[in-house]
Every structure is written in C-alpha cells, then in structure tokens.
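Participant: According to the numbering used here, the sequence shown holds residues 819 to 1148 in order.
Every residue gets a Cβ at the ideal spot worked out from N, C-alpha and C, and that includes glycine.
After the structure tokens below, expect a handful of questions from me.
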Amino acid sequence: MAMLIVGGGLVGCALALELARRGQAVVVLERAVAGAEASSAAGGILAPRVEAHGDDEARVLGLAALQMYEGWLSSLGGDVGFRRSGVLVVREASPDGDARWIDGGALEAIAPGLRAGGAWWLPDEAVLDTRLLVPVVHAAAERAGAVFRTGHGVVGLEAGGVTLDTGERLAGEVVVCAGAWTARLPGLGDLPVRPVRGQLAALGQVGATSAVVFGPAGYLVPRVDELVVGSTMEEVGYTRGVSAGGLRHVLDHALGLFPGLAPAPLLRTWSSFRPGSPDGRALVGKVPTGWVASGHFRNGILLAPLTARLLAAAMLDGGALPPAWSPNRG
Ligand SMILES: Cc1cc2nc3c(=O)[nH]c(=O)nc-3n(C[C@H](O)[C@H](O)[C@H](O)COP(=O)(O)OP(=O)(O)OC[C@H]3O[C@@H](n4cnc5c(N)ncnc54)[C@H](O)[C@@H]3O)c2cc1C
C-alpha cells in the first residue's frame, strides 16, 4: 500500500525521503510547491539549548535532532549553508546550563557590531540557509523514488485514503504533514495546531556577526549574502503579509543591538506561519485517519530529520515515539 503524505514542507519531504529509502512507495500531495510555506521562510536556526525554555523533554529531543543533523545532510548531497555558527544570547538570565558568559575581546571577535556589555555564548548551536534546504531534501526524496504531486490540495481525509480538490480519490496509508493548516483538514479530531505568524526582513550587510544573535525579543541570522532579522509572534489567523508595526518591531530590535546596521539596504521582507501547539512541542503519532507529524512550532527545521526517522520507524517497525510528542497528550 502506498504511503500518502499530505504536505510537502520540510517535515513531509524528510519523511518521504526516509520512507522511500526504506523501500516504501511514497506519494507526497502538496497543494502548491514543495517548501511553499514555513520551511523555506524560516530563519534556519538550530538552537535547542535556546529554544527549550526550561522544557527538559524538548531539550533532549532538540539535542538529539541537532546531533544527527550534519550526518543527515551529508547523506543528501547539496550545500544548504549548514555551519556551527554558535549562538549569542543577549539577555540577563542564562538561557541554558551549557551557556558561558563572554565579553570584551572574545565577544568582539564574534560579533564586532554588537552593542552589549556581554552575552551568553553557546558554541555548538548551528544555522543553515532555508532558501536552499527544501530543494535539496525534495530532490533527494525524488531520487529515492518518492513521487510529488503538486498543485492540488487534499480536501478529504479518512483511514485508508484521501480526496483531492479535483475529486480524485487515492488509497493508501495517510500521514498528515500540513504544517499550520493541519487542523483545517477534516477527520483529525481536535488537534490543537494553530498558525502563529512571524515576520522577517533581510538586510544587505554581512560581517556584523558571525554567530546567530538572540536578543530580548528576536534574533539576527547571518548568511553568506545577507543578514536576516526577525521575528514577530502573532496570532492573526491565516492573514498573510507583513505590517508596519511588525517590521518596526524586528528592525527596532535589530538596530537596538547593532546600531551600525542603520544604513544597510532593506533587501526584502516576508512572513509565514509557524505550526503552533499549546506547549510548543510537536504532535507526532497516531490519529484516527492514520498518522500526523505537525505542530513543530519554532523548531521544525531543527526537528524534521529526527521526526522523519522516528516516525518511519514507528510506521514500519512499530518503534516507540516520544511520549512528549504524543498527539493525545493532555
Ligand atoms: C518566521 C518563522 C521563522 C522560523 N524560524 C525557525 C528556525 O529558525 N528554526 C527552526 O527550527 N524552525 C523555525 N521555524 C519553524 C519552522 O519553519 C516550522 O516548524 C517548519 O517549517 C514546519 O514544517 P512543516 O513541513 O510542518 O510545515 P510547512 O513548511 O508550512 O509545510 C506544510 C505544507 O503543507 C501544505 N499543505 C497544507 N495544507 C494542505 C492540503 N490540504 N493539501 C495539500 N498540501 C497542504 C502547504 O502548502 C505546505 O507546503 C520558523 C517558522 C517561521 C514562520
């Protein structure tokens, strides 16, 4: 029986790759194009120690995800700009037990443009370029035999099959990887996934920092050719676009930390929807219509390869999934 994956974001593509590599017939059903939504819009920070926010289970899963990332990427071929940039956190409280306080010349060497007396330093966190990631994973999944059917959405869902917006019905084992739109699909019960909009901007200046910098209300992500600044956390439903207030927030935050960025050209702005969950953890496991892998919220780029590996093992070998990700947790 074919595996039908609903949604061709990073989670769907990574799962398609894993299942195809394990010899399964896989069809990805994507209403637009692979990577159309959050997965290509994201900052690309892989920082489990910053993003755990005191949640020990999230930290353990995030660290496991980071540990496997480089090996997973090297199995794909293609450069996605992955590097162990390290992360600076400009906040009073330490973000994590592994963080070390640095200042003076040590800080200057990493972030010459940063206006702060010191910062918490996490050298092992990483970053990649999300403009490059989904195309590489998508291509690897196709090479492994997965078939992508794009341009038509799934409108009906039941155990054993789906219905497309053309009326066509397809039979197979269904996995929903529809990101922020997961709860809009019928048949999943009350899965608590909601859209949380984030606005971002790219500045045409490099060299202000070699590390990702987290400030009190946002972050800066250095790339080879630009500096990405973000991001808002907005409960605006599925309203697309950027707003004056949202951009002011991300630009004020960035310029507060790096005043030297003021003359930098504003290259582009964009927004997308995080698949939010009540506790910030993913929802991965069994549902009445088959399986779901969604709700990765702020950490879906980090967690996608681990999600794919664990979910494929659960589907094909009966492997256990982390209880912290159970769709049925209270
Ligand atoms: C502004 C912002 C910054 C972020 N920064 C980071 C970061 O730095 N690090 C990190 O780890 N994470 C980050 N994230 C989170 C991360 O982007 C997401 O958690 C992750 O991309 C979710 O992947 P996904 O495949 O579940 O969803 P998506 O990439 O949104 O993919 C879902 C896909 O499903 C398709 N779809 C939906 N409904 C249907 C349907 N009915 N039929 C067919 N197809 C359908 C959509 O078209 C879409 O392509 C960020 C997110 C945002 C918005």
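Is the beta carbon of residue 1128 less than 8 Å from the beta carbon of residue 1137?
Facilitator: Taking the sequence shown and counting its residues from 1, one reaches residue 1128 at position 310. Taking the sequence shown and counting its residues from 1, one reaches residue 1137 at position 319. Going by C-beta atoms, residue 1128 is nearer than 8 Å to residue 1137.
Participant: Got a sec, what are the start and stop residues for the alpha helix (DSSP H) residue 858 sits in?
Facilitator: On the sequence shown, position 40 is the one that residue 858 refers to. 856-859 is the span of the alpha helix (DSSP H), which, as asked, contains residue 858.
Participant: Just to confirm the assignment, what range does the beta strand (DSSP E) spanning residue 1017 have?
Facilitator: The residue given as residue 1017 occupies position 199 in the sequence shown. Looking at the DSSP string, the run of the beta strand (DSSP E) that includes residue 1017 is 1012-1021.
Participant: Could you give the DSSP three-state label for residue 1125: helix, strand or coil?
Facilitator: Your numbering for residue 1125 matches position 307 in the sequence shown. Residue state, collapsed to three classes: helix.
Participant: Tell me which residues share the same chain as residue 1042 and place their Cβ nearer than 8 Å to its Cβ, disregarding the 5 neighbours each side in the sequence.
Facilitator: Counting from 1 along the sequence shown, the entry for residue 1042 is found at position 224. For residue 1042, where only same-chain residues beyond five positions count, the Cβ hits under 8 Å are 899, 947 and 1024.
Participant: Is any heavy atom in ligand 1 found nearer than 7 Å to the beta carbon of residue 1115?
Facilitator: Reading the sequence shown from its first residue, position 297 is the one you call residue 1115. Yes; taking the cut-off as 7 Å, the Cβ of residue 1115 has a heavy atom of ligand 1 nearer than that.
Participant: Compute the minimum distance between the beta carbon of residue 1123 and the heavy atoms of ligand 2, and state whether it is under 7 Å.
Facilitator: As presented, the structure is devoid of ligand 2, carrying ligand 1 as its sole ligands.
Participant: Give a yes or no on whether the C-beta atoms belonging to residue 1029 and residue 1130 are separated by under 8 Å.
Facilitator: As a position in the sequence shown, residue 1029 is number 211, starting the count at 1. As a position in the sequence shown, residue 1130 is number 312, starting the count at 1. The answer is no: Cβ separation not under 8 Å.
Participant: Given a cut-off of 8 Å, decide if residue 1004 and residue 975 are closer than it, judged by their beta-carbon atoms.
Facilitator: Taking the first residue of the sequence shown as position 1, residue 975 is located at position 157. Taking the first residue of the sequence shown as position 1, residue 1004 is located at position 186. Yes, they are a contact pair.
Participant: Cα separation between residue 1062 and residue 1090?
Facilitator: One-based indexing of the sequence shown puts residue 1062 at position 244. One-based indexing of the sequence shown puts residue 1090 at position 272. Each residue's Cα considered, the two are about 16 Å apart.
Participant: Identify the continuous beta strand (DSSP E) that holds residue 906 and give its terminal residues.
Facilitator: Translated into the one-based positions of the sequence shown, residue 906 becomes position 88. 905-907 is the span of the beta strand (DSSP E), which, as asked, contains residue 906.
Participant: In whole angstroms, what separates the C-alpha of residue 1011 from that of residue 1093?
Facilitator: Translated into the one-based positions of the sequence shown, residue 1011 becomes position 193. Translated into the one-based positions of the sequence shown, residue 1093 becomes position 275. Going from the Cα of residue 1011 to the Cα of residue 1093 covers about 6 Å.
Participant: What I want to know is whether the C-beta of residue 824 ends up closer than 7 Å to one or more non-hydrogen atoms of ligand 1.
Facilitator: Reading the sequence shown from its first residue, position 6 is the one you call residue 824. Yes, the beta carbon of residue 824 sits closer than 7 Å to at least one heavy atom of ligand 1.
Participant: Taking the alpha-carbon positions, what's the residue 1048 to residue 1145 distance?
Facilitator: Numbered from its first residue, the sequence shown carries residue 1048 at position 230. Numbered from its first residue, the sequence shown carries residue 1145 at position 327. Those two C-alpha atoms are separated by around 29 Å.
Participant: Could you check which residue in 843, 963 and 998 has the C-alpha nearest to that of residue 1116?
Facilitator: Taking the first residue of the sequence shown as position 1, residue 1116 is located at position 298. Checking every option, the nearest Cα to that of residue 1116 belongs to 998.
Participant: Exposed or buried, what is residue 910 when buried is set at 16 or more other beta-carbons lying within 10 Å of its beta-carbon?
Facilitator: What you label residue 910 is simply residue 92 of the sequence shown in a count that begins at 1. So residue 910 counts as exposed.
Participant: Roughly how many whole angstroms lie between the Cα atoms of residue 1027 and residue 1065?
Facilitator: Residue 1027 sits at position 209 when you count from the first residue of the sequence shown. Residue 1065 sits at position 247 when you count from the first residue of the sequence shown. Distance between the alpha carbons of residue 1027 and residue 1065 is about 21 Å.
Participant: Flag this pair as yes or no: are the beta carbons of residue 958 and residue 894 separated by less than 8 Å?
Facilitator: For the purposes of this step, residue 958 is identified with residue 140 of the sequence shown, where counting begins at 1. For the purposes of this step, residue 894 is identified with residue 76 of the sequence shown, where counting begins at 1. Yes, Cβ-Cβ distance for residue 958 and residue 894 is below 8 Å.
Participant: Look up residue 833 in the DSSP assignment and say whether it is helix, strand or coil.
Facilitator: As a working mapping, residue 833 is identified with position 15 in the sequence shown. Looking at residue 833 - three-state DSSP - the assignment turns out to be helix.
Participant: Where do the N-terminal and C-terminal ends of the alpha helix (DSSP H) with residue 955 fall, by residue?
Facilitator: Position 137 of the sequence shown, counted from the start, is the residue given in the question as residue 955. Element bounds for residue 955: 948-961.
Participant: At what residue ranges does the stretch 868-941 contain a whole run of the beta strand (DSSP E), taking only runs of 3 or more?
Facilitator: Qualifying beta strand (DSSP E) stretches, in chain order: 905-907, 918-920 and 937-940.
Participant: For the alpha helix (DSSP H) that contains residue 1075, what are its first and last residues?
Facilitator: Here the question's residue 1075 lines up with position 257 in the sequence shown. Its alpha helix (DSSP H) spans residues 1062-1075.
Participant: Have a look at the DSSP bridge pairing and note the partners of residue 1042.
Facilitator: What you label residue 1042 is simply residue 224 of the sequence shown in a count that begins at 1. BP columns for residue 1042 are empty, so no partner.
Participant: Measure from the C-beta of residue 856 to each C-beta in chain B and report whether the shortest distance is under 8 Å.
Facilitator: Going by chain labels, chain B is absent from the structure shown, which holds only one protein chain.
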